[in-house]
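K.L.:
First the structure, which I've put down as structure tokens, then a few questions once you've had a look.
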Amino acid sequence: MNQSIEDIIRQSTFKVENGIFVYSKVNTLPKTGNHFLVSQDKDEITVVTLEENLGDLDLIERNKEDYKLIALNVSVPFYAVGFLATVSNAISKRGMNILIVSTYSKDYILIKKEKLEDARKALIDLGFKEK
30 MNQSIEDIIR QSTFKVENGI FVYSKVNTLP KTGNHFLVSQ DKDEITVVTL EENLGDLDLI
90 ERNKEDYKLI ALNVSVPFYA VGFLATVSNA ISKRGMNILI VSTYSKDYIL IKKEKLEDAR
150 KALIDLGFKE K
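Converting from the sequence shown to our numbering requires adding 29 to each position, the first position being numbered 1.
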């Protein structure tokens, strides 16, 4: 039986990760694994990392914004049609932008640090439980 997106969200949790995260563009792949995300495509290498790890990078530039990272623990990974669209829509209706990263078992959203409480409220209003 297929669950509704509302049921899936009510069975899902979120957690605000510690620290301030930044998006950066770098010249070379980092030598250490202390970073949240390293992405390389044909045009560039992007690293999302804690602010204190910037010194470890061969930095070209960093985004001027500071971000908070929120882990979304979806109750049925891979099979929650509309999950990210629902989250993104609820946050955008409050005038906020998010950056989304998906891993094998979790989805993450990055939100400007000054908008964290608004994003938390949006997730709770959707039915998420905070860990």
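Note that beta-carbon positions come from the ideal geometry of N, C-alpha and C, so glycine has one too.
Can the beta-carbon of I140 be found less than 8 Å from the beta-carbon of K93?
P.N.:
Residue numbering aside, residue 140 sits at position 111 when the sequence shown is read from its first letter. Residue numbering aside, residue 93 sits at position 64 when the sequence shown is read from its first letter. No. Outside cutoff.
K.L.:
Entirely within the stretch 61-140 and at least 4 residues each: give me those alpha helix (DSSP H) ranges in chain order.
P.N.:
Those alpha helix (DSSP H) runs which fall completely within the stretch 61-140 and span 4+ residues are 112-121.
K.L.:
If I'm right that L91 touches L79 with Cβ under 8 Å, what's the distance once you round it to whole angstroms?
P.N.:
As a working mapping, residue 91 is identified with position 62 in the sequence shown. As a working mapping, residue 79 is identified with position 50 in the sequence shown. According to the sequence as given, residue 91 is Arg; it is not Leu. So it is not a contact: roughly 12 Å between Cβ atoms.
K.L.:
What does the alpha-carbon distance come out to for the pair K142 and V76?
P.N.:
For the purposes of this step, residue 142 is identified with residue 113 of the sequence shown, where counting begins at 1. For the purposes of this step, residue 76 is identified with residue 47 of the sequence shown, where counting begins at 1. Using only the alpha carbons, I get a separation of about 18 Å.
K.L.:
So if DSSP puts T42 in a beta bridge, which residue, or which two residues, is it bridged to?
P.N.:
Counting from one through the sequence shown, the residue named residue 42 turns up at place 13. Beta-bridge pairing links T42 to N102, K158.
K.L.:
Check the DSSP bridge columns for K54 and list the partner residues they point to.
P.N.:
Stepping through the sequence shown from its first residue, residue 54 is reached at position 25. Answer is T75, E90.
K.L.:
If you drop the 5 nearest sequence neighbours on each side, which residues of the same chain put their C-beta closer than 7 Å to that of A19?
P.N.:
Examination of residue 19 is not possible in this model, given that the chain is present from 30 through 160 alone.
K.L.:
Look at the alpha carbon of R39 and the alpha carbon of D95, and state the distance between them as a whole number of angstroms.
P.N.:
In the sequence shown, counting from the first residue as 1, residue 39 sits at position 10. In the sequence shown, counting from the first residue as 1, residue 95 sits at position 66. Approximately 29 Å between the Cα atoms of the pair.
K.L.:
Between which residues of its own chain and L58 is the CB-CB distance below 8 Å, once the five residues before and five after are set aside?
P.N.:
Taking the sequence shown and counting its residues from 1, the one referred to as residue 58 is at position 29. For L58, where only same-chain residues beyond five positions count, the Cβ hits under 8 Å are V67, Q69, I74.
K.L.:
Between S41 and L101, which are expected to be in contact by the criterion C-beta below 8 Å, what is the C-beta distance as a whole number of angstroms?
P.N.:
Here residue 41 corresponds to residue number 12 of the sequence shown, with the count starting at 1. Here residue 101 corresponds to residue number 72 of the sequence shown, with the count starting at 1. The pair is a contact, with the Cβ atoms about 7 Å apart (cut-off 8 Å).
K.L.:
Tell me whether I169 sits in a helix, a strand or coil according to DSSP, three-state version.
P.N.:
Because the chain in this structure spans residues 30 to 160, residue 169 falls outside the shown range and cannot be described.
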